[in-house]
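Asks: Note that our numbering gives residue 123 to position 67 of the sequence shown, counting from 1, and the numbers run on in steps of one.
The beta-carbon is built from N, C-alpha and C at its ideal position, and this holds for glycine as well.
These numbers were taken from a predicted model, which means no experiment stands behind them.
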Amino acid sequence: MRIYICDDEQKMADNLAGRIAAQLPSADVQVFYHGSDLWQCMGENKCDLVFLDIDMPDISGLDIASKMSELPYKPLLVFVTSHDELVYDSLKFHPFGFIRKHMLNGELGEVLEDCARTIRGSMSSFSFMTAEGKRKVTLDSILYFEADGNYLKLYTRKNMFRFRDTLYGVEHALKDSGFVRVHKGFLVNQAKEELTLVNQQRIPIGKSYGETARTVLLRYML
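#1: Using a Cβ-Cβ cut-off of 8 Å (strictly less than) and excluding sequence neighbours within five positions of S183, which residues of its own chain qualify?
#2: Buried or exposed: R176, going by 16 or more other Cβ atoms within 10 Å of its Cβ?
#3: How many Å lie between G205 and M159 at the Cα?
#4: Note down the Cα distance separating N71 from N215, rounded to an integer number of angstroms.
#5: Alpha carbon to alpha carbon, what distance is there between A203 and F152?
#6: Which whole runs of the beta strand (DSSP E) in the segment 108-149 are 3 residues long or more, in chain order?
#7: Can you check DSSP and say which residues form a bridge with E202?
#8: What did DSSP end up calling S82 once you bin it into helix, strand or coil?
#9: Pull up the DSSP beta-bridge partners for Y89, would you.
#10: For M57, does the three-state DSSP call read helix, strand or coil?
#11: Can you give me the start and stop residues for the beta strand (DSSP E) that G234 sits inside?
#12: Any idea if T194 is buried or exposed, counting beta-carbon neighbours within 10 angstroms, 16 or more meaning buried?
#13: If you follow the beta strand (DSSP E) that F279 is in, where does it begin and where does it stop?
#14: Using the three-state DSSP reduction, which class does T222 fall into: helix, strand or coil?
#15: Near M68, what residues of its chain come up, given a Cβ to Cβ distance below 7 Å and the 5 sequence neighbours on each side ignored?
#16: Return the first residue and the last residue of the beta strand (DSSP E) that F154 is part of.
#17: Let me know if K102 comes out buried or exposed under the rule of 16 or more other beta-carbons within 10 Å of its beta-carbon.
#18: With distances taken between CB atoms, is the gap from D109 to D64 smaller than 8 Å?
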């Protein structure tokens, strides 16, 4: 799960990041202090959840929220604010939740738990944008991802899809869903692992033997 935090108050942003990391230790939490930096990163890398300060000097949280419809993916949005009067203005962007800075201790835990539950529920499928439009495939149908310059290739048994993303980003998004990085250019679905012999015969790797088999084969390759 990848989480972005943006707040021009550095102390607040760092405090929020620390609390989120403590509650979700497996999450990839990144902090931004300028809205422009956040927006650039969101255009280049997919994230699952954004904690966004409403009132920021260069680009406000409302400005960023209005542009999020341009993204090829839809992260959950939680507004963070010290100005309760701005909450009404933000409703038109349909945020997942709100956190008031002076109520951080009481509100963050429940909001974060709801976000994590929602995101995990969506992890049964993988959505991405190709040149032909938005696609969605079930995770159990994916064999592996292959890096291809600034793009990735997603392989199922029947199809190959090419879309713009980084292997690093997909690896972190799916690391709790059984996908493992086996090479700088390949991310593999562990449930689909099998051996291909020199005569092209394919042999599946059973779950109870997987860890031992991978260890022995990796030692051989090294």
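Replies: Answer, in terms of the structure:
#1: Y129, K190, R191 and K192
#2: exposed
#3: 45 Å
#4: 44 Å
#5: 33 Å
#6: 132-137
#7: K209 and F242
#8: coil
#9: Its beta-bridge partners do not exist; DSSP assigns none.
#10: coil
#11: Per DSSP, G234 belongs to no beta strand (DSSP E) and is neither H nor E.
#12: exposed
#13: In this structure the chain extends from 57 to 278, so residue 279 is not present and cannot be described.
#14: coil
#15: K157
#16: G153 to R156
#17: buried
#18: yes
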